[in-house]
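K.L.:
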Amino acid sequence: MKALIVSDIHALSMDIRESAGGYSGGQGSDFYIENRHPSRNPIISIVDCLKDKDLNIDALVCLGDLAHQAKKLPLITVWSDLHFVAEELGIPHVISVTGNHDIDSRADNIRAAENRLEYLSQIKPEFPSSNQEFNDHYYRNGVSALEIGDCLLIALDTCRLHGLGTDRADEIFSVGHLTDGMISAVLDIIAQTNLNHILIAMHHHPQKIDEITDPTYDQIPSGPVFLERLANCGKQCVVLHGHKHLGALKRFVTGQNPPYILSASSLAALPYRRLERFHTNQFHILDFHTHEQGSPSGVVYSWEWGEVAWQVSGRDAMPHTRRFGVEPDVGQVARDLLSLNAVGFRSLEDLTQTAVGVEYLSVKQMDEVNCLMVGGNRKLVGERGQVIGMLIQGDGS
Ligand SMILES: [Fe+2]
17 MKALIVSDIH ALSMDIRESA GGYSGGQGSD FYIENRHPSR NPIISIVDCL KDKDLNIDAL
77 VCLGDLAHQA KKLPLITVWS DLHFVAEELG IPHVISVTGN HDIDSRADNI RAAENRLEYL
137 SQIKPEFPSS NQEFNDHYYR NGVSALEIGD CLLIALDTCR LHGLGTDRAD EIFSVGHLTD
197 GMISAVLDII AQTNLNHILI AMHHHPQKID EITDPTYDQI PSGPVFLERL ANCGKQCVVL
257 HGHKHLGALK RFVTGQNPPY ILSASSLAAL PYRRLERFHT NQFHILDFHT HEQGSPSGVV
317 YSWEWGEVAW QVSGRDAMPH TRRFGVEPDV GQVARDLLSL NAVGFRSLED LTQTAVGVEY
377 LSVKQMDEVN CLMVGGNRKL VGERGQVIGM LIQGDGS
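Numbering (this note's numbering), first residue to last: 17 to 413.
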């Protein structure tokens with residue numbers, strides 16, 4: 017099952033910017049919906065990037081924050097443009113979840129409150145999917161599911177509490193939430209399906225991305241409990257989320273079969289302050305291997321924005337190719353590779369015969385293995401974030 021994943025677009029409108037009352041605070045992004053040429057429109061440009069590739073993508077999944085500051089015109093334009101991308105690329109499903117920038121979390125009059133409640137459910141194409149039953153469940157419970165091939169996609173609305181409350185409203189609209197009822201509903205759906213592969217889509221993050229690059233501790237309070245229940249549900253789960261604007265792929269640490277968690281990069285937002293060096297605008301394709309049993313496994317492919325067009329990602333955090341499904345033992349991989357002794361270039365195919373999990377090494381792990389092999393006259397060689405072989409020099413001993 018393949019999903020094209022976009023998140024945190026934060027599109028703006030020049031007309032709104034120039035009108036009285038327009039935007040407040042930071043700019044959000046420099047993507048204006050009035051820009052219709054692909055070189056200045058990162059949504060439309062996805063078509064140019066992927067149209068010549070025979071990818072057979074099953075679904076376009078948007079993880080929220082389509083527009084910046086809940087402006088309705090950019091939101092509806094982005095939603096329409098995502099459908100254009102899907103149509104051009106032959107993608108049969110377009111599904112989104114709500115981001116905190118897609119609803120007015122701070123409505124202070126009756127008209128704004130009405131929009132908060134009804135706007136998304138009234139737009140065309142229908143949001144968050146074209147499936148009426150899916151949408152009914154989404155708006156009623158904040159949880160809905162759709163079978164896509166041999167995978168079950170479950171969408172969660174982590175912004176349902178936004179706009180509620182008074183005394184602690186600032187906390188409510190800044191933190192995503194999963195109620196106990198929503199978590200139970202997800203587990204009930206999973207228990208009832210015959211499908212073994214579960215893809216969860218949500219805007220907010222169920223666990224902190226990284227101790228260094230994610231300095232704000234604003235994960236969903238019940239996130240770890242949710243992930244642990246997924247880990248013990250007997251299925252293979254991958255969780256997709258946005259909100260942090262930081263691309264990362266991690267595996268949860270506890271439970272029988274922990275889910276992988278893909279933190280999607282922002283498609284077009286400007287960097288957060290102090291996170292500039294980690295920032296890049298990306299979209300991803302998740303190839304979830306539904307033919308594999310055991311650990312959830314597959315490949316995440318990423319592209320990054322290069323000023324006027326999409327290009328394959330060269331970022332270490334989310335390089336162009338990132339396999340998942342095996343957590344390699346770095347020390348063991350280094351020891352196994354040191355046992356090889358024929359001089360010259362050894363292909364990845366060769367290496368996998370000797371070192372279990374070598375093809376799953378991240379860029380950081382590749383560096384760690386190379387450090388452990390210092391003095392062994394050999395070095396792993398990577399391309400686009402993936403090991404492609406190893407060079408053995410001298411007598412190889
Ligand atoms: Fe965002």
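Just so you know, even glycine gets a beta-carbon here, dropped at the ideal spot from N, CA and C.
Between A285 and ligand 1, is the CB less than 7 Å from at least one heavy atom?
P.N.:
Yes, Cβ of A285 sits closer than 7 Å to a heavy atom of ligand 1.
K.L.:
Is S282 near ligand 1, judged by its Cβ being under 7 Å from some heavy atom?
P.N.:
Because some heavy atom of ligand 1 lies under 7 Å away, the Cβ of S282 counts as near it: yes.
K.L.:
Could you say which of S363, N357, V349 and M382 lies nearest to A371 if we only look at CA atoms?
P.N.:
When only C-alpha atoms are compared, the closest one is V349.
K.L.:
At what residues does the beta strand (DSSP E) containing V159 begin and finish?
P.N.:
From DSSP, the beta strand (DSSP E) with V159 extends over V159 to I164.
K.L.:
Could you pull the start and end residues of the alpha helix (DSSP H) that D120 belongs to?
P.N.:
That residue, D120, is in no alpha helix (DSSP H); it is neither H nor E in DSSP.
K.L.:
Check the DSSP bridge columns for D303 and list the partner residues they point to.
P.N.:
K18 and V315.
K.L.:
To test your reading of the DSSP string, which unbroken beta strand (DSSP E) runs of 3 or more residues are found completely within the stretch 364-400?
P.N.:
Listed in chain order, the complete beta strand (DSSP E) runs (minimum 3 residues) inside the stretch 364-400 are 394-399.
K.L.:
Please indicate yes or no: does the CB of H221 lie closer than 7 Å to some heavy atom of ligand 1?
P.N.:
For ligand 1, not one heavy atom lies less than 7 Å from the Cβ of H221.
K.L.:
Between H336 and G391, how many whole angstroms is the CB-CB distance? I'm expecting something under 8 Å.
P.N.:
With a Cβ gap of about 31 Å, H336 and G391 do not count as contacting.
K.L.:
Using 10 angstroms around the beta-carbon of F100, count the other beta-carbons present and answer buried if the total reaches 16, otherwise exposed.
P.N.:
Its Cβ having fewer than 16 others within 10 Å, F100 is exposed.
K.L.:
Along the chain, where does the alpha helix (DSSP H) that runs through H99 open and close?
P.N.:
Counting along the chain, the alpha helix (DSSP H) containing H99 begins and ends at K88 to L105.
K.L.:
Following the continuous alpha helix (DSSP H) through S61, name the residue where it begins and the one where it ends.
P.N.:
Run containing S61: S61 to L66, per the alpha helix (DSSP H) assignment.
K.L.:
Does the contact criterion of 3 or more C-beta pairs under 8 Å hold for the stretch 190-201 versus the stretch 142-152?
P.N.:
The stretch 190-201 vs the stretch 142-152: no contact.
K.L.:
In the structure shown, what three-state DSSP assignment does Q85 receive?
P.N.:
The answer is coil: DSSP assigns Q85 none of H, G, I, E or B.
K.L.:
Could you check whether the stretch 41-59 touches the stretch 300-314, counting it as contact only if at least three pairs of C-beta atoms, one from each stretch, sit closer than 8 Å?
P.N.:
Short answer: they don't touch.
K.L.:
Applying the criterion that 16 or more other CB atoms from any shown protein chain within 10 Å of the CB defines a buried residue, is S112 buried or exposed?
P.N.:
That one is buried.
K.L.:
Check the DSSP bridge columns for C253 and list the partner residues they point to.
P.N.:
According to DSSP, C253 bridges with I214.
K.L.:
Note the first and the last residue of the continuous alpha helix (DSSP H) segment covering V202.
P.N.:
Looking at the DSSP string, the run of the alpha helix (DSSP H) that includes V202 is D196 to Q208.
K.L.:
Taking 7 Å as the line, does the beta carbon of G41 fall inside it for any heavy atom of ligand 1?
P.N.:
Result no, Cβ not under 7 Å from ligand 1.
K.L.:
Compare the C-beta of G165 against all C-beta atoms of chain B and say whether one is closer than 8 Å.
P.N.:
In the structure shown, chain B cannot be found, because there is only a single protein chain.
K.L.:
With hydrogens ignored, establish whether the beta-carbon of D81 is closer than 7 Å to any heavy atom of ligand 1.
P.N.:
The answer is yes for D81.
K.L.:
For S279, tell me which candidate among T114, E399 and Q298 has the shortest Cα-Cα distance.
P.N.:
S279 has its Cα closest to that of Q298, out of T114, E399 and Q298.
K.L.:
When we look at the beta-carbon of T12 and count the other beta-carbons within 10 Å, is it buried (16 or more) or exposed?
P.N.:
Here the chain comprises residues numbered 17 to 413, so residue 12 is not present and cannot be evaluated.
K.L.:
Helix, strand or coil for F47? Go by DSSP, reduced to three states.
P.N.:
Three-state result, F47: coil.
K.L.:
By alpha-carbon positions, which one of Q409, Y154, Y376 and V63 ends up nearest to N393?
P.N.:
When each option's Cα is compared against that of N393, the closest is Q409.
K.L.:
Would you mind reading off the limits of the alpha helix (DSSP H) that contains I228?
P.N.:
Careful: I228 lies outside any alpha helix (DSSP H) and carries neither H nor E.
K.L.:
Out of H84, Y276, K67 and G347, which has the shortest C-alpha to C-alpha gap to L107?
P.N.:
One point to set straight first is that residue 107 is Ile, not Leu, in the sequence displayed. I107 has its Cα closest to that of K67, out of H84, Y276, K67 and G347.
K.L.:
Do you know how far the Cα of Q43 is from the Cα of F268?
P.N.:
Those two C-alpha atoms are separated by around 34 Å.
K.L.:
CA-CA distance, H26 and H84?
P.N.:
Going by the C-alpha atoms only, they are around 4 Å apart.
K.L.:
Just to confirm, does H295 get its C-beta within under 7 Å of one of the non-hydrogen atoms of ligand 1?
P.N.:
No; taking the cut-off as 7 Å, the Cβ of H295 has no heavy atom of ligand 1 nearer than that.
K.L.:
Would DSSP call A280 helix, strand or coil?
P.N.:
Note: A280 maps to coil in three-state DSSP.
K.L.:
On the criterion of 16 or more Cβ atoms from any shown chain inside 10 Å, does D183 qualify as buried, or is it exposed?
P.N.:
Residue placement at D183 is flagged as unreliable, the pLDDT there being 48, under the threshold of 50; the coordinate-derived value follows with that caveat. Classification of D183: exposed, given that the 10 Å Cβ count is below 16.
K.L.:
Would you say the stretch 205-214 touches the stretch 159-168, given that touching needs at least three Cβ pairs under 8 Å?
P.N.:
The stretch 205-214, when compared against the stretch 159-168, does touch it at the 8 Å Cβ threshold.
K.L.:
Using the C-alpha atoms, what's the distance from Q381 back to G412?
P.N.:
Low confidence applies here, because G412 scores a pLDDT of 48, under 50, leaving its location unreliable; read the following figure in that light. C-alpha separation (whole angstroms): 22 Å.
K.L.:
Let me make sure I understand the geometry here. Which of E384, L76, F361 and H307 has the alpha-carbon closest to that of D345?
P.N.:
Taking only the C-alpha atoms, the option nearest D345 is E384.
K.L.:
Any idea what DSSP makes of I350, helix, strand or coil?
P.N.:
Reading off the sequence, residue 350 comes out as Ala, not Ile. Helix, per DSSP.
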